[in-house]
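Beneath this line is the structure, given in structure tokens, with notes to follow.
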Amino acid sequence: MVDLPRIVITGVGLTSPNGNDLAEYRRNLLAGKSGVRSYEIRHFGPTLAGVCDFDALRYQGRKELRRGTRAGSVAIWCANEALRDAGLDLDRYDRARVGVYPGVTEHGNVETESEIHNVSQHEFDLAFWSHHHNPRTVANSPAGEVVLNLGLRGPAYCLGGACAAGNLGLIHGAQMLQLGEVDLALGGGVSESIRTFGIFASFAAQGALARHADPTKASRPFDKGRNGIVVSEGGCLFALERLEDARARGARIWGELIGHCIGSDGTDFVLPDSAGQNACMRGALRSAGLQPEQVDVVSTHATSTLSGDEVEMRAIREVFGDADGVYVNNTKSTIGHAMGGAAALELAGNLPSFEDGLVHPTINLDDLDPECEVRNLVANEPREVGRIETILNMSFGMLGINSAVAVRRIDA
Amino acid sequence: MTTEEVVVAITDIITTIAPDEDVTNLDRSERLRDQIDLDSMDFLDIVMELRKLYGVHVPEEDYKELATIDGCVAYLHPLLADKELHCAASA
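Chains A and B, in that order, give the protein sequences.
FYI, my numbering numbers position 112 of the first sequence as 118, with every residue one higher than the one before it.
FYI, my numbering numbers position 32 of the second sequence as 72, with every residue one higher than the one before it.
Written out as structure tokens, the structure reads:
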């Protein structure tokens, strides 16, 4: 096997229901401050969701905002913020060698529902169907909007991976750098999914949409009272560089991608499988050259469904069961499920642990389901654990897709 | 609508489509695209707004008539004469 360049994260740009930069987001994760609130959407009615409040006009003009999609707007925010966080000047790059790789769970539903609503106001006369529909619904549109916003000329497309997509964007960006396709990659994931009523209706039809009188308590992975998913919007893009390039410009390095695994359960359209998740975790550890006990933080996918959380924790017990010093947490309890943005946001929420030695908690865990019990599950309060070296970030999705990314600290 | 109201209707639609542009001192005889940033998709937005707000259908072969404000007035006034202005501003 060829020696491939080492890849590092030098910038983080994000918007989450509880923060619009990494410092604010991290502070709120440590404080257990939820970003979930009451929400209403046409045809479905009152529900709950994680809603972002980033200032889209900071990086977009009003016409650009009107022309594009919400996912594109999230991606543009995250891309600009990642570049700012990384201290990167695009003028120093060949713009044809900057890649944009956002993962998405889905794209196009928001716009299509909106257009159908529009023409329904005109007796379904398709003369009223928008010429914007095609450019807004092609699968690459969030990536393309970043290209237009930043004046780039390089590869830009979305990675479709259901709820695992955020890891896929990160992995793919790293791989493109390793292959020498680009010199800078913006990889991660984004989501606008709360703006489609279809996602709420479909989860509800499956019996998988969370309900709770207090929106901040609705997402409760591992708790006996959990009853489904809280849908959120949001995103995170990482600025990724080859290590030698990052060091040459004196960049601050958040961490190094040392391994990953992408696989499939191969068993069911929607129900996850422990064996597949187990294999994915072990694959990522093997790729990173790690033994299970060398992982300090396991960032779980767990979406607060009855079956999904149990399946994942079974796999975690199998892989990490006997290892001391492996801390397990969950971010969806605090921000809901940010779909295409989830994996990237959840990794980002853990990255500052290399600096502060803290593991943020999974919140809303009042009555642990015994089927979800694992050693060193960090619940309700953050845990100070000392030096943290390695994070394993897992994300799984429909059609049985599994992904895991291992990130290690790099000391200056 | 009067011809001045047609001007208001068109500039109001342009403001909706291109909210960052200054439409207060547009030269009525010059091409709109030479004065403000309007591309072909924006132009289709203008045609769509005319359809939605006033029920006016502009066939593709007539798009060139709408290149200037004077052109818009000349083409649209006969079609809008018996319609009411639909926007916040008034002539």
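Note that CB positions come from ideal geometry on N, CA and C, so glycine has one too.
(message) Please list the terminal residues of the continuous alpha helix (DSSP H) segment that includes Ala180/A.
(response) In this chain, the alpha helix (DSSP H) harbouring Ala180/A covers 171-184.
(message) Strictly under 8 Å for the Cβ-Cβ distance: is Arg73/B near chain A by that measure?
(response) So, not an interface residue.
(message) Is there a Cβ of chain A sitting closer than 8 Å to that of Asp60/B, yes or no?
(response) In terms of beta-carbon proximity, Asp60/B lines the interface with chain A, with at least one pair separated by less than 8 Å.
(request) Taking only beta-carbon positions, decide if Phe134/A is within less than 8 Å of chain B. (result) Interface residue, yes.
(message) With a threshold of 8 Å between beta-carbons, can Leu66/B be considered close to chain A, or not?
(response) For Leu66/B, the answer is no, since every Cβ of chain A falls outside 8 Å of its Cβ.
(request) May I ask which residues mark the beginning and end of the alpha helix (DSSP H) holding Ser238/A? (result) Run containing Ser238/A: none; DSSP gives neither H nor E here.
(message) Taking the straight line between their C-alpha atoms, what separation do you get for Lys69/A and Ala219/A?
(response) Approximately 39 Å between the Cα atoms of the pair.
(request) Compute the beta-carbon to beta-carbon distance between Leu84/B and Thr108/B, rounded to the nearest angstrom, for a pair I have assumed lies under 8 Å. (result) About 18 Å separates the CB atoms of Leu84/B and Thr108/B; that is not less than 8 Å, and the two are not in contact.
(request) Examine the Cβ distances between the region 388-399 of chain A and the region 339-347 of chain A and report whether three or more of them are shorter than 8 Å. (result) Too few Cβ pairs lie closer than 8 Å, so no.
(request) Starting from Gly67/A, find everything on chain B with Cβ-Cβ shorter than 9 Å and list it in chain order. (result) Under the 9 Å cutoff, chain B gives Pro59, Asp60.
(message) Just checking: is the beta-carbon of Lys123/B within a distance shorter than 8 Å of some beta-carbon in chain A?
(response) Judged by the 8 Å Cβ criterion, Lys123/B is not in contact with chain A.
(message) Using a Cβ-Cβ cutoff of 9 Å, what residues of the region 88-118 of chain B are near chain A? List them in chain order.
(response) Listed in sequence order: Met88, Arg91, Lys92, His97.
(message) My output table needs one value for Val46/B: the three-state DSSP class, helix, strand or coil.
(response) Val46/B falls in the helix class under three-state DSSP.
(request) Take the Cβ of Gln127/A as the centre, count every other Cβ of all protein chains shown within 10 Å, and call the residue buried at 16 or more, exposed below. (result) Looking at its Cβ environment, which holds fewer than 16 other Cβ atoms inside 10 Å, Gln127/A is exposed.
(request) Look at the alpha carbon of Gly114/A and the alpha carbon of Val48/B, and state the distance between them as a whole number of angstroms. (result) Rounded to whole angstroms, Gly114/A to Val48/B spans 35 Å at the Cα level.
(message) Using a Cβ-Cβ distance cut-off of 8 Å, determine whether His138/A contacts chain B.
(response) Interface residue, yes.
(request) Starting from Met88/B, follow its DSSP beta bridges and name the residues at the other end. (result) Under DSSP, Met88/B shares a beta bridge with no residue.
(message) For Gln297/A and Asp328/A, what's the separation of their Cα atoms in angstroms?
(response) In a straight line, the C-alpha of Gln297/A is about 12 Å away from that of Asp328/A.
(request) Just the chain A side, please: which residues come within less than 8 Å of Leu84/B by C-beta, in chain order? (result) Chain A residues near Leu84/B: His137.
(request) Would you identify the three-state DSSP class for Leu475/A, choosing helix, strand or coil? (result) Outside the shown range of chain A, which is 7 to 418, sits residue 475/A, and nothing can be said about it.
(request) Closer than 9 Å by beta-carbon distance: list the chain A residues that pair up with Met81/B, in chain order. (result) Taking a Cβ-Cβ cut-off of 9 Å, the neighbours of Met81/B in chain A comprise Arg73, His137, His138, Pro141, given in sequence order.
(request) Tell me, please, which residues DSSP counts as bridged to Thr306/A. (result) Secondary-structure assignment with DSSP links Thr306/A through a beta bridge to Asn336/A.
(request) Have a look at Asp375/A, Ser359/A, Val110/A and flag the residue whose alpha-carbon is nearest the alpha-carbon of Phe402/A. (result) Answer by Cα proximity: Val110/A.
(message) Quick check: Ile15/A and Leu246/A, are their CB atoms within less than 8 Å of each other?
(response) Going by C-beta atoms, Ile15/A is nearer than 8 Å to Leu246/A.
(request) Let me know if His49/A comes out buried or exposed under the rule of 16 or more other beta-carbons within 10 Å of its beta-carbon. (result) Exposed, by the Cβ-count rule.
(message) Taking 6 Å as the limit between beta carbons, can you name the residues of its chain near Val152/A, skipping five residues before and five after?
(response) Taken in chain order, the residues that qualify are Ala81, Ile82, Ala85, Val106.
(request) Could you tell me the distance, in whole angstroms, from the CA atom of Gly256/A to the CA atom of Ala29/A? (result) Across the structure, Gly256/A and Ala29/A are spaced so that their CA atoms are roughly 21 Å apart.
(message) Quick check: Ala350/A and Gly195/A, are their CB atoms within less than 8 Å of each other?
(response) In this structure, Gly195/A lies closer than 8 Å to Ala350/A by Cβ.
(message) For the structure I just gave you, are there three or more beta carbon pairs, one from the region 40-48 of chain A and one from the region 323-337 of chain A, closer than 8 Å?
(response) Cβ pair count under 8 Å is below three, so no.
(request) Tell me Ile15/A's beta-bridge partners as DSSP assigns them. (result) When beta bridges are read from the DSSP output, Ile15/A appears opposite Leu246/A, Gly261/A.
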